[in-house]
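Asker: The structure is given below, and queries will be raised subsequently.
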Amino acid sequence: MTTNKHDTTEQLAIDEREPGRLGGVLGLIERLGNKLPNPFLLFVGLLLLIAVASTIVAAFHVTVSVPGVKDVVPIRAALSPDGLVALMQGVIDNFVSFPALGPVLVVVLGVGVAQGTGALEAAVRLVFARVPRSAVPYVVALVACQGHVMSDASFLVIPPLAALVFMAVGRHPLAGLIGAYACTATGYGGGLLMGTLDASLAGITQKAASLLPAGHDFHGNIAMNYYFGVAAGLILPIVGGLLIDKVLEPKLGPWQGTQAETEGVRVSREEKRAVLIAAGAVAVFGVLLTVAWLVPGSPLQGEGGTLVPSPLLSNLVIAISLSFLIFGLVYARVLPVQRDKRQVGKLMEQAIREMAGFIVLIFIVSQTLAVLAYSNLGVLMAVKLADSAQSVGLRGFGVLVFLVVLSSLLNLVITSGSGLWSLESTVMVPALMLLGLSPAMIQAAHRIGDSVTQAISPMHIFLYLVLTMARRYEPNLKLGTLVARLVPFAPAFAVVWIAILALFYFLGLPPGPGQSVFLP
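Each step along the sequence shown adds one to the number in the UniProt record's numbering, with nothing skipped, and position 482 is 482.
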C-alpha cells in the first residue's frame, strides 16, 4: 500500500527473468532498464547535474524572458557560495513542506486500517460474488479499473480473486487473472474513488506549477482530476471487458480444470454484513460532511460562501483518509476480526513502515526540485520547450498527446508513478502552462501515459508475480506468451484514454472541481 508502484522485493524478478527470455524491442528495454540506478541514486545524479549545469549557464550571465513577467529571470549558480548557503538552509523545509508528503501519508493511515482489518479485501470479494457468467469479464474489469485506490495491494488481491471468479462460473481462470491484471495496470490512472495516487500527483503538480510566477495563483487539490478519473473509471471497463471476453479468453480455449478452491472468493454472511454496515457508515459520514459543506455560513465554505474553492476541497485528503478509517473500524467491530487486525495504532504503524521507501525518495526529490527552483534552470527549459512546440506548430491538444506518448515511453523503464512524474513535471508542467494549459489538464495527460504501458513494462515487478500465479493454471507458460496476451490492452486503452481526454479538452469540461482546461 504505497504510492510508488514497485516497492517490493526483487527476488521474484531475478528468479523469472533469464537471459534471452525477451527479444526485440522488449528485450532492449529490459536491458536498458536494468542498467538504470534505483530512483534515489537517479535523483542524486539529477541533482548534481542540475547544480553543475546551472553553474555553467550562470557563468555566461544567461537570462530568460517569461511571458507575462516584466523583469527577466536570471539563471543562478547552485554551486556558488550564495547558492550553497541557500540550499543548505532549506534542506529541512524542502523535505517536510513537500506537497506530496503530508497528503499521501495521511491517506495511507486510513487505507492501512481498512486494508489491515481485511475490510478492503472483503469488499472486493463481495463485489465479485454471485456475478452472472456473461457479466463476469465486465465486473472484473470494472473493479480492476478502480484498483489504484488500493495502490500496490490491487495487484496482489484483484487478479487472483478474478481467476477464482472465472473458474467458479466455468470460465478460464487465466482470462480472469491476466485480464484483471491488465485492467488494473492500464486503467490505473482512473477510477471512481481517490487514493494515494491522487494525493501524490497533486502535490508534485502543485510544486512544479510554482516554478512559474503564474503557478502561484494555481490552487490544486487531490480532486483536481476527479471528473476525468470518474469518466475513465466508467468507460475503460467496457473496453477491458470486451478484450477479456472477445480477444483474451477465446485464445485460451475452454477451461478443462475443476472448480475446486472456488470457495476462496465466497463471502460469508458475517463478512457481507460487516462490509455493508461499514459501507453504510462511510455513506453516513459522506452525507453529514456534504450537508455541513452546503449549510450557509459553514466554515467548510470558501470566502463569501463559495463552494469551489473551499477549505473542504483543499483538505479533501483528510475526509478520504477518515472514510477508509471508518470503513475499517466499523468492519472490524461488526465482524469482529482477530485482535491483532483491529489494533489501529499498529495497523497505521505498519502502513507508514511500508512507505519508508517513498519517504526517502521524497527527501531527495524535494532537494532536487529546490536546486532547480533556485537556479531558475527549470524556467529556462520550460520556455525553450514551449518555444520549440510553437515553432513546429505543436499546441493545444497536440501537445497533450505528446505528453501522453512521452509518459508512456518513460513508464517502460521508470515504473514508479510519483518518481516518473517528479522527473517530468518540473519541465512539462511549466512548459505547457506557458502554452495556456492548466496544470490539472497537464496532470490528466500524464496519468494516461503512466497507465497504458504499465502492464507490459519489463520493469514492472508485478508482471513476474502474475506469471507465477498464471503457472498454477498453465504450468509451462512463458513470459513472452504472457506479454503477448497483455499487449492488446495497451493500444486499445490508449485510444480510449486519449478519446476521453479529447472530450474534456474540446468540450471545455473541467477535469476536476474548481479546475479548467485552460489557464485564466
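Just so you know, even glycine gets a beta-carbon here, dropped at the ideal spot from N, CA and C.
Give the straight-line distance between the Cα atoms of residue 444 and residue 218, rounded to the nearest whole angstrom.
Answerer: For residue 444 and residue 218, the distance between alpha carbons rounds to 16 Å.
Asker: Does residue 508 pass the burial test, meaning 16 or more other C-beta atoms within 10 Å, or should it be called exposed?
Answerer: Under this definition residue 508 is an exposed residue.
Asker: Which of the three DSSP states is assigned to residue 510 in this structure?
Answerer: Reduced to three states, the DSSP call for residue 510 is coil.
Asker: With residue 240 as the anchor, note down where its alpha helix (DSSP H) starts and where it stops.
Answerer: Where residue 240 is concerned, the enclosing alpha helix (DSSP H) stretches over 226–242.
Asker: Where residue 191 and residue 446 are concerned, what is the direct C-alpha to C-alpha distance, given to the nearest angstrom?
Answerer: Answer to the nearest angstrom: the Cα atoms are 15 Å apart.
Asker: Tell me which residues share the same chain as residue 453 and place their Cβ nearer than 7 Å to its Cβ, disregarding the 5 neighbours each side in the sequence.
Answerer: Excluding sequence neighbours, residue 453 sits near 408, 411, 412, 490.
Asker: Given a threshold of 16 other Cβ atoms within 10 Å of its Cβ, counted over all protein chains shown, does residue 88 qualify as buried or as exposed?
Answerer: Classification for residue 88: exposed.
Asker: Skipping 5 residues on each side, what residues in its chain have a beta carbon closer than 7 Å to that of residue 44?
Answerer: Closer than 7 Å at Cβ, skipping near neighbours: 364.
Asker: Report the rounded CA-to-CA distance for residue 467 versus residue 296, giving the unit in angstroms.
Answerer: One C-alpha to the other measures close to 55 Å.
Asker: Using CA coordinates, which residue listed in 204, 206, 125 is at the minimum distance from residue 168?
Answerer: The shortest C-alpha separation from residue 168 is found at 125.
Asker: Using 8 Å for Cβ pairs, my map puts residue 140 next to residue 162. What's the rounded Cβ distance?
Answerer: The pair is a contact, with the Cβ atoms about 5 Å apart (cut-off 8 Å).
Asker: Enumerated in chain order, which unbroken segments of the alpha helix (DSSP H) with a length of 4 residues or greater are wholly contained in the region 321–363?
Answerer: Complete alpha helix (DSSP H) runs here, min 4: 344–353.
Asker: Helix, strand or coil for residue 117, going by three-state DSSP, please let me know.
Answerer: Looking at residue 117 - three-state DSSP - the assignment turns out to be coil, as it is neither helix nor strand.
Asker: On the criterion of 16 or more Cβ atoms from any shown chain inside 10 Å, does residue 144 qualify as buried, or is it exposed?
Answerer: Buried, because 16 or more other Cβ atoms sit within 10 Å of the Cβ of residue 144.
Asker: Could you check which residue in 152, 461, 402, 146 has the C-alpha nearest to that of residue 189?
Answerer: Ranking the options by Cα distance to residue 189, first place goes to 146.
Asker: Grab the span of the alpha helix (DSSP H) containing residue 446 for me, first residue to last.
Answerer: It spans 439–452 - the alpha helix (DSSP H) in which residue 446 sits, taken as one unbroken run.
Asker: Do residue 236 and residue 372 have their CB atoms nearer than 9 Å?
Answerer: Going by C-beta atoms, residue 236 is not nearer than 9 Å to residue 372.
Asker: Would you tell me roughly how many angstroms separate the C-alpha atoms of residue 22 and residue 456, rounded to the nearest one?
Answerer: Bear in mind that a pLDDT of 44 at residue 22, under 50, signals an unreliable position, so the number given afterwards is only what the model happens to contain. Spanning the two alpha carbons is a distance of roughly 12 Å.
Asker: Thinking just about the alpha-carbon of each residue, which of 65, 57, 315, 127 is nearest to the one in residue 275?
Answerer: Nearest of 65, 57, 315, 127 to residue 275, Cα basis: 127.
Asker: If you pair each beta-carbon of the region 340–352 with each one of the region 108–116, do three or more pairs fall below 8 Å?
Answerer: They touch, by the three-pair rule.
Asker: Name the one or two DSSP bridge partners that residue 63 has.
Answerer: Answer by DSSP bridge pairing, in chain order: 74.
Asker: Under the three-state reduction of DSSP, which class applies to residue 493: helix, strand or coil?
Answerer: Residue state, collapsed to three classes: helix.
Asker: Which whole-angstrom value is the C-beta distance of residue 223 and residue 313, which I expect to be below 8 Å?
Answerer: The Cβ separation is near 6 Å, so the contact holds.
Asker: By a C-beta neighbour count over all protein chains shown, 10 Å radius and 16 as the cutoff for buried, is residue 256 buried or exposed?
Answerer: It is exposed - the Cβ of residue 256 has fewer than 16 other Cβ atoms within 10 Å.
Asker: So what's residue 532 in DSSP terms, helix, strand or just coil?
Answerer: As displayed, the chain neither begins before 1 nor continues past 520, which places residue 532 out of reach and without an answer.
Asker: Should residue 142 be labelled buried (16 or more other beta-carbon atoms within 10 Å of its own) or exposed?
Answerer: The residue is buried, with at least 16 neighbouring Cβ atoms inside 10 Å.
Asker: Quick check: the Cα distance between residue 135 and residue 207, rounded to an integer number of angstroms?
Answerer: So the two alpha carbons sit approximately 43 Å from each other.
Asker: Where are the alpha helix (DSSP H) runs, 4 residues long or more, that stay fully inside the region 169–211, in chain order?
Answerer: The region 169–211 contains these whole alpha helix (DSSP H) runs: 173–186, 196–209.
Asker: Which residues does DSSP pair with residue 166 in a beta bridge?
Answerer: According to DSSP, which records beta bridges pairwise, residue 166 is partnered with nothing at all.
Asker: If contact is defined by three or more beta carbon pairs under 8 Å, each pair taking one atom from either stretch, is the region 195–207 in contact with the region 239–255?
Answerer: No: the two stretches stay apart, fewer than three of their Cβ pairs being nearer than 8 Å.
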